[in-house]
Ligand SMILES: Cc1ncc(C[n+]2csc(CCOP(=O)(O)OP(=O)(O)O)c2C)c(N)n1
Ligand code: SF4
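Chains as they are written, first to last, in the numbering used here: chain A, 101 to 373; chain B, 15 to 397.
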């Protein structure tokens, strides 16, 4: 069935502020398709972000939207979800927003297993502020602040959140919108903290400095760097170097969810009172 | 108040931090997020027990920044929310406090002040966050800070803090110090029938007609709870009445000025102070919080010695009580300003008092209270 995008978009705020060809558009489209597939009421959805190009996404969606401070989106989202566990809370965050300034909030949201879905747009750079290196910029890559090549070892975001306790971890990329929609939908329906890392293109700030200035070329470059989870299982660590496994990487349906656990605390406290 | 009503009051002997927590619960607070820090932690201890009993929510976040974010998120769903901290945590919260001010989210922030900068004196009193409370976050925004001196008063000021936050859609600070947080004294708990709990203004129009920052609705525009069909946008960028970002200088100016008017236009509601023997005073004393308790004794002792001293005690420290300070300042020979810092509130006194004589600080840090004798000595010097 055709998706009615205008049902979810605040059309009166178009055109959006992203560069033509930016991967964030593809990701927002996948998010909308996932919402639509689930048929959730926009009244029951909160869409929260921090600061960055990525974080401008909530402004364009017609739901309860909150554009917060840099790195802190998950803490605001935690307040919303904990106050209203019956509603859906989704967060979108850039790689800098989520894993640098917001890194502490990220690991603790994972640990708590609160039922929030986080989409991390990993474009390997600080897009909005002019292309400085981020915690996911590859070694050797050029950025506005690494003119001689980056020496910082990047995070593997999906492994990081898995290690911190996220109970749904998936990686998608902007070269495959169909798969991305499926992975996001999986995260939305998962009860617990779910993270979808999306490999995305910032051709303007990252590509331009690293000899792939064209959006399509960079999306192709990203696509070529991916292998399916199934393929990856058969590959040696040597072969997997510089490759990213995409698909559902981890799901744990056994662990209890934070708000459910707290409801038990309430029951207990009211009995003892 | 007649005696029959008084009888209904529960009398307790509680430490200040417990008074804060219990008064918050009485004020309808059902959401608390915090991060442990001396000398405020007991507030979190009590909240973690009491809130689930009331069906409310307590969460210990990973740091103070996150605690501040969490209460703002919960406030957007319509809850009455609070966090509590001390100096270092208050510093960490500042960016999100500015955010709450700008999106106009009601919330109460308790700062149980310790001594010193940085980690300072975690277990001892200080009053050195006067200016941080006023100017701690970047940019302009209105500020309300309440500084009670007694535990009876503290209970009522906590309730007032929630009401002001809700009525004016803004963060309200409760600035107390380690001594007030930890001392125990007799508290008469007012019966709920004795006070009113005021809710934030909520929209009466349909979602289609709703603007979250609609100045035609007055300086405090109605605020829709999340998930009630209004689907509004909230951002820390300068925004127009719709809530969406704008860079239009005229709108930016008008909106920030409207925010300031929430305080400057509601002084009667917000301002609170107590005067003691100021009528014929020749030496004025201005002091807040527990320091004002010592100042009161000093003024009474001065009177016994025939010195006409008088005390002005701001219960609302921000906005600063300009009118009574000026009224007092213009009549007296000298103004004494004791405070447990190296001189912060004194800037305000100097600015507004219009005093012909000297304005003199009594400043003591190091975690020990200012004693009445130390204030009296200064009073005598200028008598
Ligand atoms: C406290 C704070 N520090 C720094 C900034 C400046 N800043 C804005 S966006 C940004 C980085 C954005 O990069 P990322 O999170 O990767 O998102 P992208 O723009 O690439 O989508 C920074 C550093 C800020 N707004 N707030
Ligand atoms: S700067 Fe990069 S991340 Fe930002 S909109 Fe442009 S392409 Fe996208």
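The C-beta atom is built at its ideal place from N, Cα and C for all residues, glycine as well.
None of these values were measured; they are calculated from a predicted model.
Alpha carbon to alpha carbon, how far is residue i from residue j?
| i | j | result |
| --- | --- | --- |
| residue 387 of chain B | residue 301 of chain B | 15 Å |
| residue 53 of chain B | residue 334 of chain B | 26 Å |
| residue 206 of chain B | residue 168 of chain B | 16 Å |
| residue 129 of chain B | residue 355 of chain A | 44 Å |
| residue 16 of chain B | residue 363 of chain A | Legend: pLDDT at residue 16 of chain B = 49, less than 50; position of this residue unreliable, no value from coordinates given. |
| residue 85 of chain B | residue 179 of chain A | 6 Å |
| residue 192 of chain B | residue 355 of chain B | 14 Å |
| residue 255 of chain B | residue 132 of chain B | 39 Å |
| residue 337 of chain A | residue 372 of chain A | 55 Å |
| residue 119 of chain B | residue 310 of chain B | 37 Å |
| residue 27 of chain B | residue 199 of chain B | 5 Å |
| residue 251 of chain A | residue 203 of chain A | 20 Å |
| residue 286 of chain B | residue 332 of chain B | 10 Å |
| residue 325 of chain A | residue 124 of chain A | 19 Å |
| residue 392 of chain B | residue 350 of chain B | 7 Å |
| residue 256 of chain A | residue 294 of chain A | 16 Å |
| residue 182 of chain A | residue 359 of chain A | 6 Å |
| residue 395 of chain B | residue 325 of chain B | 17 Å |
| residue 109 of chain A | residue 46 of chain B | 34 Å |
| residue 130 of chain A | residue 251 of chain B | 26 Å |
| residue 281 of chain B | residue 43 of chain B | 25 Å |
| residue 50 of chain B | residue 137 of chain A | 43 Å |
Could you please give me the residues that DSSP links to residue i through a beta bridge?
| i | result |
| --- | --- |
| residue 121 of chain B | B/185 |
| residue 48 of chain B | B/74 |
| residue 165 of chain A | A/147, B/247 |
| residue 288 of chain B | B/327 |
| residue 28 of chain B | B/199 |
| residue 190 of chain A | A/147, A/217 |
| residue 350 of chain B | B/299, B/374 |
| residue 332 of chain B | B/159 |
| residue 259 of chain B | B/253 |
| residue 377 of chain A | Any property of residue 377 of chain A remains undetermined from this structure, which presents chain A solely from 101 to 373. |
| residue 128 of chain B | B/139 |
| residue 347 of chain A | A/271 |
| residue 96 of chain B | B/46, B/122 |
| residue 327 of chain A | A/345 |
| residue 232 of chain A | A/226 |
Mind checking whether the beta-carbon of residue i lies closer than 7 Å to any heavy atom of ligand 1?
| i | result |
| --- | --- |
| residue 78 of chain B | no |
| residue 297 of chain A | no |
| residue 219 of chain A | no |
| residue 116 of chain A | no |
| residue 151 of chain A | yes |
| residue 201 of chain A | yes |
| residue 154 of chain A | yes |
| residue 197 of chain A | yes |
| residue 259 of chain A | no |
| residue 194 of chain A | yes |
| residue 170 of chain A | yes |
| residue 362 of chain B | no |
Can you tell me whether residue i sits near ligand 2, meaning its C-beta is under 7 Å from at least one heavy atom of the ligand?
| i | result |
| --- | --- |
| residue 228 of chain A | yes |
| residue 59 of chain B | no |
| residue 370 of chain A | no |
| residue 236 of chain A | no |
| residue 303 of chain A | yes |
| residue 223 of chain A | yes |
| residue 124 of chain A | yes |
| residue 119 of chain A | yes |
Any heavy atom of ligand 3 closer than 7 Å to the CB of residue i?
| i | result |
| --- | --- |
| residue 232 of chain A | Of the ligands one can find in the structure shown, namely ligand 1 and ligand 2, none is ligand 3. |
Check whether the segment 109–116 of chain A and the segment 140–150 of chain A are in contact - that is, three or more C-beta pairs closer than 8 Å. no
Should the segment 289–303 of chain A be regarded as contacting the segment 258–267 of chain A, the criterion being three or more beta carbon pairs within less than 8 Å? yes
Does the contact criterion of 3 or more C-beta pairs under 8 Å hold for the segment 248–262 of chain A versus the segment 198–213 of chain A? yes
For this session: State whether the segment 367–384 of chain B contacts the segment 143–153 of chain B, with contact taken as three or more CB pairs (one from each stretch) at a distance under 8 Å.
Result: no
For the segment 95–104 of chain B against the segment 152–160 of chain B, are there 3 or more C-beta pairs whose distance is under 8 Å? no
task = Would you check if there are 3 or more beta carbon pairs closer than 8 Å linking the segment 289–301 of chain B to the segment 111–127 of chain B?
result = no
Check: Are the segment 64–73 of chain B and the segment 105–122 of chain B touching by the rule of at least three beta carbon pairs closer than 8 Å?
Finding: no
Worksheet item: Below 8 Å, can you find three or more Cβ-Cβ pairs linking the segment 226–234 of chain B to the segment 259–277 of chain B?
Response: yes
- Query: How do the segment 167–186 of chain B and the segment 29–40 of chain B stand: do at least 3 beta-carbon pairs fall below 8 Å, yes or no?
  - Reply: yes
### Query
So does the segment 259–269 of chain B actually touch the segment 306–325 of chain B, counting three or more Cβ pairs closer than 8 Å?
no
Discussion item. Quick check: the segment 167–185 of chain A against the segment 76–91 of chain B, are at least 3 beta-carbon pairs closer than 8 Å?
Written reply: yes
**Request:** Evaluate the contact criterion for the segment 187–200 of chain A versus the segment 146–159 of chain A: three or more CB pairs, one atom per stretch, below 8 Å.
**Result:** yes
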